[in-house]
Amino acid sequence: MSVKDEVPQEALAAGTGKISPGEDLSPAAQVGMVSIIASILSTLLIRIGARTSFVILSFWVGKESESAALVVLVIECFYISELLLAPLIGVLSDRNGRKPYMLYAPLMGAVASLILAGTSFLFPNPNLNTSNFSLELVAILLLVMAGRLLEGSAAALNAPSNLGYLTDTTVGNEKLRVRVLTAYEVVTIAGIALAIPFGGLVWSLVGRGGFFVAIAVYALCYIVIALWMKESLVRTHGAGQHGSIKEYRQILTNKRIFTFVPAWLAINAMIGAWLTLSLIILAYPTNICRVSVQKVTENIKPAVEAFSANYCALHPGEINADARFPNQLLHGGFLPGEASYIVGAYGLVFILGMGLWTIFVPKMRRTTVMILALGGLFVSCTALYFINGLGDNPLTISESAKGELWLLLPVVFVGVIVMSGFTPAALTHMASIAETIPGKRGAVMGLYSVLLGVGQLVGVFIGGLFVDWEGFDGLMIYSFILGVISLGSVIYMRSHKHDIDDHLVVAKTGSPGH
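Each residue of the sequence shown is one higher than the one before, starting from 2 at the first, in this note's numbering.
Rendered as structure tokens:
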């Protein structure tokens with residue numbers, strides 16, 4: 002059954018889902034599938050715009066800046082505004098509607114890119130080094146931070162109001178809810194992933210002018226929301242005038258949310274660590290040469306030997322990954338491009354798995370899906386642990402080890418497919434909780450952005466400590482620990498039936514919002 006089959010045909014024919022007097026249509030039918038698709042598409046465009054701007058900014062400030070820490074600190078302040086504003090926007094969207102804040106998001110993003118574009122043309126050759134302190138350095142830092150904070154604000158404006166919107170429009174339709182929330186997660190990941198090569202292409206073509214490409218993406222996002230998205234929320238007494246801090250304190254004390262936070266936070270920490278740290282670990286330098294001197298003819302052998310000596314030598318300050326953690330196949334030895342392909346393949350398999358799980362999640366108890374997904378995590382980690390022990394370096398792996406590798410890779414593939422079920426089950430669980438709290442759907446779904454951001458930031462930091470301790474094996478040990486934490490939370494939820502909605506009283510009115 003397709004998503005369209007979930008909505009009455011009279012609403013689909015109208016496209017905008019206008020309601021005739023006396024009609025008792027489902028929330029999805031009231032807004033129409035075009036509106037729901039526009040909502041999901043806006044997330045894709047917001048993420049592409051922000052990540053494209055990020056890539057252009059990274060190339061511009063990084064090309065002549067020696068201080069990588071300072072560059073990262075300035076660029077990553079994006080998350081500060083997103084984490085701080087997402088809860089507030091969730092509460093405000095409950096009061097004032099979803100669409101206004103979703104329209105503000107691309108406007109905020111466009112202003113951010115305009116500030117970054119202006120800064121890049123005012124200071125074409127930035128040098129972000131603390132040793133070269135000057136008023137110019139201060140000006141660049143402040144302007145770039147302002148731009149990145151505004152981009153984080155754009156994400157904060159879109160995510161909770163968008164998730165609140167998708168929750169509003171899928172009230173009473175579990176199958177449709179699973180599909181649209183999974184689609185939201187897929188476009189979020191895809192938007193970030195696709196924008197990296199897209200931003201690199203834009204930089205190679207127009208350089209700093211790429212910021213204006215990001216502005217064009219934001220403009221397209223605004224048009225999509227303004228023309229094709231219909232408001233889902235009608236103001237009711239459920240969204241009363243309470244302080245946002247007080248509201249969030251009440252939400253966090255909800256036992257179903259409180260018991261779920263450890264599971265969702267741990268999984269986000271694991272995903273953040275895998276996506277970020279794996280790329281770094283795989284590409285650590287080694288002294289294993291990729292130039293085969295033995296296979297060349299005698300007349301050019303001296304030249305090839307000289308080239309290989311320079312090509313294979315570690316640069317000053319680089320540490321041989323094989324010497325630091327011997328007998329770890331996945332700790333160093335891959336070219337950056339190869340590492341990108343491997344991590345990209347993981348992302349694609351994860352997205353594929355989420356798509357497959359949309360068939361099963363509506364038919365299964367949510368904690369059952371989560372437990373199975375955590376089983377997939379443990380299987381993947383175990384298989385990767387054994388793969389990591391097959392040799393020192395991908396260039397020196399033995400033939401027998403290659404045979405074992407080809408046996409273990411399908412196990413990893415299946416494990417990741419199964420593991421990916423946690424995300425759609427978790428988002429559906431959050432939306433179901435939101436449905437039981439009248440007037441607080443946006444606020445509850447705002448926790449998605451908070452837990453996603455906090456989980457990934459904390460996950461990468463703590464995961465980095467495990468990698469420093471035990472290399473790639475350390476990352477797998479860390480993942481096991483996070484999986485156990487998440488499993489404990491899920492088992493508690495299951496034993497107390499926090500994932501079953503039938504025993505809860507859900508306040509319903511005739512509007513899609515509540």
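Built from N, CA and C at the ideal position, the CB exists for glycine as well.
Exposed or buried, what is V468 when buried is set at 16 or more other beta-carbons lying within 10 Å of its beta-carbon?
By 1-based counting over the sequence shown, the position of residue 468 is 467. Flag for V468 reads buried.
Under the rule that 16 or more other beta-carbon atoms within 10 Å means buried, what is G119, buried or exposed?
Looking up residue 119 in the sequence shown gives position 118. Exposed.
Which one of L138, L46, E175 and L283 has the shortest CA to CA distance from M365?
Taking the first residue of the sequence shown as 1, we reach residue 365 at position 364. The shortest Cα separation from M365 among L138, L46, E175 and L283 belongs to E175.
With burial defined as no fewer than 16 other Cβ atoms inside 10 Å of the residue's Cβ, what is the status of L136: buried or exposed?
For the purposes of this step, residue 136 is taken as residue 135 along the sequence shown, with counting starting at 1. By the neighbour-count rule (16 or more Cβ atoms within 10 Å), L136 is not buried but exposed.
Do the CB positions of L391 and E405 come within less than 9 Å of each other?
Within the sequence shown, residue 391 is the residue found at index 390, counting from 1. Within the sequence shown, residue 405 is the residue found at index 404, counting from 1. Yes. Within cutoff.
Do S450 and A106 count as a contact pair if the criterion is CB distance below 9 Å?
Against the sequence shown, residue 106 aligns to sequence position 105. Against the sequence shown, residue 450 aligns to sequence position 449. No. Outside cutoff.
M103 and M230: beta carbons closer than 9 Å?
Locating residue 103 in the sequence shown gives position 102, counting from the first residue. Locating residue 230 in the sequence shown gives position 229, counting from the first residue. Against a cut-off of 9 Å, the Cβ pair of M230 and M103 comes out as a contact.
Measuring only the C-alpha atoms, how far is R178 from T171?
Here residue 178 corresponds to residue number 177 of the sequence shown, with the count starting at 1. Here residue 171 corresponds to residue number 170 of the sequence shown, with the count starting at 1. Cα-Cα distance, rounded: 5 Å.
State the Cα-Cα distance for the pair L408 and K100, rounded to the nearest angstrom.
To locate residue 408, count along the sequence shown from 1; it is residue 407. To locate residue 100, count along the sequence shown from 1; it is residue 99. The alpha-carbon atoms of L408 and K100 are separated by roughly 50 Å.
Please classify N163: is it buried, with 16 or more other beta-carbons within 10 angstroms of its beta-carbon, or exposed?
The residue you call residue 163 lines up with position 162 of the sequence shown. By the 10 Å Cβ count, N163 comes out buried.
Is it the case that the region 216-228 contacts the region 392-404, given that we only count it when at least three CB pairs across the two stretches are under 8 Å?
no
Going by alpha carbons, who is nearest to I268 out of I434, G422 and A111?
As a first step, residue 268 must be located in the sequence shown, where it is residue number 267. Residue G422 is the option with its Cα nearest to I268.
Given I252, which residues of its chain have a CB within under 8 Å of its CB, disregarding the five upstream and five downstream residues?
In the sequence shown, counting from the first residue as 1, residue 252 sits at position 251. Excluding residues within five positions, the ones whose Cβ falls inside 8 Å are I258, I438, K441, A444, V445 and L448.
Answer with buried or exposed for S433, where buried requires no fewer than 16 other C-beta atoms within 10 angstroms of its C-beta.
Taking the first residue of the sequence shown as position 1, residue 433 is located at position 432. Looking at its Cβ environment, which holds 16 or more other Cβ atoms inside 10 Å, S433 is buried.
Could you check if S205 is buried or exposed, using at least 16 other CB atoms within 10 Å of its CB as the buried criterion?
As a working note, residue 205 is residue 204 in the sequence shown. S205 comes out exposed.
Judging by CA-CA distance, which residue of L158, L85 and A340 is the nearest neighbour of A51?
Here residue 51 corresponds to residue number 50 of the sequence shown, with the count starting at 1. Closest option to A51, Cα to Cα, is L158.
Give me, in chain order, the residues of the same chain whose beta-carbon lies closer than 7 Å to that of I81; leave out the 5 immediate sequence neighbours on both sides.
Position 80 of the sequence shown, counted from the start, is the residue given in the question as residue 81. The residues are L150 and G153.
Would S480 be called buried (16 or more neighbouring beta carbons within 10 Å of its own) or exposed?
On the sequence shown, position 479 is the one that residue 480 refers to. Under this definition S480 is a buried residue.
With the cut-off set at 9 Å, would you say G91 and G200 are in Cβ contact?
Counting from 1 along the sequence shown, the entry for residue 91 is found at position 90. Counting from 1 along the sequence shown, the entry for residue 200 is found at position 199. For G91 and G200, no; Cβs fall outside 9 Å.
Using the rule of at least 16 other Cβ atoms within 10 Å of the residue's Cβ for burial, across every protein chain shown, is E339 buried or exposed?
Here residue 339 is taken as the residue at index 338 of the sequence shown, counted from 1. Answer is exposed; the Cβ neighbour count stays below 16.
Own chain partners of F212 with C-beta closer than 7 Å, once the 5 adjacent residues on each side are dropped:
Position 211 of the sequence shown holds residue 212. The residues are S54, I57, S114, L117, A118 and S121.
For A196, the three-state DSSP class (helix, strand or coil):
By 1-based counting over the sequence shown, the position of residue 196 is 195. Three-state result, A196: helix.
Using the Cβ count rule (16 or more neighbours within 10 Å means buried), how would you classify Y342?
For this step, residue 342 is matched to residue 341 along the sequence shown. With fewer than 16 other Cβ atoms within 10 Å, it is exposed.
Let me make sure I understand the geometry here. Which of V461, H497 and I352 has the alpha-carbon closest to that of L276?
Taking the first residue of the sequence shown as 1, we reach residue 276 at position 275. Of V461, H497 and I352, the residue nearest in Cα terms is V461.
Starting from the N-terminal side, write out each stretch of the alpha helix (DSSP H) that is 4 residues or longer and does not extend beyond the region 337-392.
337-358 and 367-389
What's the call for H497, buried or exposed, on a 16-neighbour Cβ count within 10 Å?
Here residue 497 refers to the residue found at position 496 when the sequence shown is read from its first residue. So H497 ends up on the exposed side.
Starting from the C-beta of L453, find all residues in its chain whose C-beta is less than 6 Å away, skip the five residues before and the five after it, and write them out in chain order.
Numbered from 1 along the sequence shown, position 452 holds the residue referred to as residue 453. Closer than 6 Å at the Cβ level, and outside the excluded window around L453, lie N269.
If the criterion is Cβ atoms closer than 9 Å, does the pair A274 and G416 meet it?
Translated into positions along the sequence shown, residue 274 becomes position 273. Translated into positions along the sequence shown, residue 416 becomes position 415. It is not a contact, given that the beta carbons lie outside the stated cut-off.
Whose C-beta lies closer than 6 Å to the C-beta of M271 among residues of the same chain, with five residues either side of it excluded?
For the purposes of this step, residue 271 is taken as the residue at position 270 of the sequence shown. Result list for M271: S480 and L483, in chain order.
Cα-Cα separation between H499 and I492, rounded to whole angstroms
Numbered from 1 along the sequence shown, position 498 holds the residue referred to as residue 499. Numbered from 1 along the sequence shown, position 491 holds the residue referred to as residue 492. Using only the alpha carbons, I get a separation of about 10 Å.
Suppose you measure from the CA of A418 to the CA of I216; what does that come to, to the nearest Å?
Within the sequence shown, numbered from 1, the residue matching residue 418 stands at position 417. Within the sequence shown, numbered from 1, the residue matching residue 216 stands at position 215. Contrary to the premise, residue 418 reads as Ile rather than Ala in this sequence. When rounded, the distance between both Cα atoms is 36 Å.
Within 10 angstroms of the Cβ of T254, are there 16 or more other Cβ atoms? Answer buried if so, exposed if not.
Within the sequence shown, numbered from 1, the residue matching residue 254 stands at position 253. Exposed, by the Cβ-count rule.
Range covered by the alpha helix (DSSP H) that runs through M494:
Stepping through the sequence shown from its first residue, residue 494 is reached at position 493. That run of the alpha helix (DSSP H) goes R442 to S496.
Based on Cα-Cα distance, which residue from A111, T359 and Q457 lies nearest to I49?
In the sequence shown, the residue the question calls residue 49 occupies position 48. Of the listed residues, the one whose Cα sits closest to I49 is A111.
What is the DSSP secondary structure of D500, reduced to helix, strand or coil?
To locate residue 500, count along the sequence shown from 1; it is residue 499. If DSSP states are grouped into helix, strand and coil, D500 belongs with coil.
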